[in-house]
Ligand SMILES: Cc1cc2nc3c(=O)[nH]c(=O)nc-3n(C[C@H](O)[C@H](O)[C@H](O)COP(=O)(O)OP(=O)(O)OC[C@H]3O[C@@H](n4cnc5c(N)ncnc54)[C@H](O)[C@@H]3O)c2cc1C
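As structure tokens, this is what we get:
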């Protein structure tokens, strides 16, 4: 054994072998590890390599909780009512039967860290970034980290795969938010404000997203859908204005910040030639095209993938959505991109459907045929007709990942 170059004199460089290596201990990597660990002594030996030295409360995961959602026990807050607004036009959606629910990342990371620490067959190796790309040697995958070489029969790569860039998604959903605490009551914790639209500028669709957790505490976020991904610096001014609007004269403290850039409508992800290696996570097809939401989809994938691995089968990619969902998402995104000024009207029309459970099921991947029909009837047909050919039959160059620069 040679000494580890990152910690000379402390420990020899590692040469470990396991059944499974998971690269990246974020949402997808930890979710899969939790499902594997739940199988006790049947669990294949598994190592998760995570670059961070510790977890922080870096995000919140929201979804509609119809009672069948995964990890419901980690939910911190549920909203029985959501609103959407554009100027004077505001609609309130009573969703108490399928509330909008939120898991703070710190709850999930703590649950995963504690559970995995109690599991002999799974090791969570923190502060161990993967260097470069894995290579197959002698029937095993070899992965280099700053502590040495790790070897495994199967590899699940859950690292972010690509830098967000114009053309790699139809639209990018960029958001920047502050969780704030006010010195006076400013919020209604019974109502989540899903989309409070600002006037469209520079072909961007911008809205306020606000999750009040108590009368004095809320996550206030500015979200922009646009062909270009945006950083926190691009959104900071708008966020400050939104917060001022919400809290008025009362002073407030910023408890934490969160920022994200999610793809909306990416090219399909293919399995590589070797079935023992998959790329997964939000940047590898894990997110729903029309919303960017991924948390519950990742949980469902983790369940299915763990079942395959326990049975000795190769790991699974994220499954593709049914044809009708893909077609409707692609068409909707094309229309949003071509007509950003019409976005508020379209989103409000969708949530104004007589039975709001239809749009909630559609967004949660549980739509039935009648839901698809109600959604199509709620939208202005002439706006969509012109985009149908490009959405359903994109030019070959677009299929390869150039989604319209
Ligand atoms: C701020 C924010 C809020 C979101 N809110 C929602 C929401 O409300 N609802 C929803 O459904 N989805 C939401 N999402 C989308 C999605 O659910 C999350 O992005 C989710 O965390 C994606 O999981 P992942 O495993 O693909 O990526 P991540 O959770 O980001 O995990 C990737 C991991 O890989 C690690 N890594 C990177 N490089 C290396 C390396 N070289 N070696 C080892 N490890 C490495 C990272 O440290 C990280 O832990 C949100 C995303 C963000 C960013």
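In the working numbering, the protein residues as written are 1 to 405. We treat Cβ as the ideally placed atom computed from N, Cα and C, and that holds for glycine. Predicted model only: the values in this text are computed from it and were never measured.
Residue 287 has its CB nearer than 7 Å to a heavy atom of ligand 1.
Note: residue 382 is not bridge-paired with any residue in the DSSP secondary-structure output. Our two residues, residue 118 and residue 80, have alpha carbons roughly 36 Å apart in a direct line. Only residues of its own chain outside the window of five on either side were considered, and among them 262 and 294 have a CB closer than 7 Å to the CB of residue 282, listed in chain order.
Beta bridge pairing from DSSP links residue 81 with 94 and 191. Taking 7 Å as the cut-off, the C-beta of residue 61 counts as close to a heavy atom of ligand 1.
Under the DSSP assignment, residue 315 falls outside any beta strand (DSSP E); it carries neither an H nor an E label. A Cβ-Cβ distance of about 5 Å is found for the pair residue 222 and residue 235, placing them in contact under the 8 Å criterion. Relative to the Cα of residue 19, the nearest Cα in the group 37, 28, 47 and 30 belongs to 47.
Around the beta carbon of residue 167, fewer than 16 other beta carbons lie within 10 angstroms, which makes this residue exposed.
A direct Cα-to-Cα measurement between residue 37 and residue 116 gives close to 7 Å. Counting C-beta atoms within 10 angstroms of its own C-beta, residue 60 has 16 or more neighbours from the protein chains shown and is therefore classed as buried. Residue nearest to residue 63 within the set 57, 335 and 71 is 71 (criterion: CA-CA distance). A direct Cα-Cα distance of roughly 37 Å separates residue 252 from residue 339. Shortest Cα-Cα distance from residue 173 to any of 291, 375 and 301 involves 291. Not one heavy atom of ligand 1 lies closer than 7 Å to the C-beta of residue 85.
In terms of Cβ geometry, residue 141 and residue 17 do not form a close pair [threshold 8 Å]. Looking at the DSSP output, residue 103 bridges to 61.
In the DSSP annotation of this structure, residue 353 is not part of any beta strand (DSSP E), being labelled neither H nor E. At a Cβ-Cβ threshold of 8 Å, residue 84 and residue 194 count as neighbours. Fewer than three beta-carbon pairs drawn from the segment 267–281 and the segment 174–190 are found closer than 8 Å, and the two stretches are therefore not classed as touching. A Cβ-Cβ distance of about 4 Å is found for the pair residue 129 and residue 51, placing them in contact under the 8 Å criterion. Not a single heavy atom of ligand 1 lies less than 7 Å from the C-beta of residue 142.
Taken from the Cβ of residue 50, at least one heavy atom of ligand 1 lies inside 7 Å. Ranking 192, 260 and 246 by CA distance to the CA of residue 101 puts 192 first. Closest option to residue 215, judged by alpha-carbon separation, among 180, 34, 109 and 343: 180. Apart from the 5 residues on each side of it in sequence, residue 33 sits with its Cβ closer than 8 Å to the Cβ of 22, 25, 46, 48, 112, 116, 122 and 124 in its chain, given in chain order. Segment contact: the segment 313–324 against the segment 350–364, fewer than three CB-CB distances shorter than 8 Å; contact not assigned. Across the set 289, 331, 277 and 255, the C-alpha of 277 shows the shortest separation from the C-alpha of residue 136. Assignment of beta-bridge partners to residue 176 by DSSP yields 222 and 259. Rounded to the nearest angstrom, the Cβ distance from residue 27 to residue 298 is 5 Å, consistent with a contact under 8 Å. Between residue 245 and residue 186, the C-beta spacing is not below 8 Å.
In this structure, the C-beta of residue 146 stays at least 7 Å away from each heavy atom of ligand 1.
Residue 129 carries a coil assignment under DSSP once its states are collapsed to helix, strand and coil.
Sequence-distant partners of residue 96 (beyond 5 residues in either direction) whose C-beta falls short of 8 Å from its own C-beta, in its chain, are 80 and 81.
Beta-bridge pairing by DSSP links residue 151 to 17 and 142.
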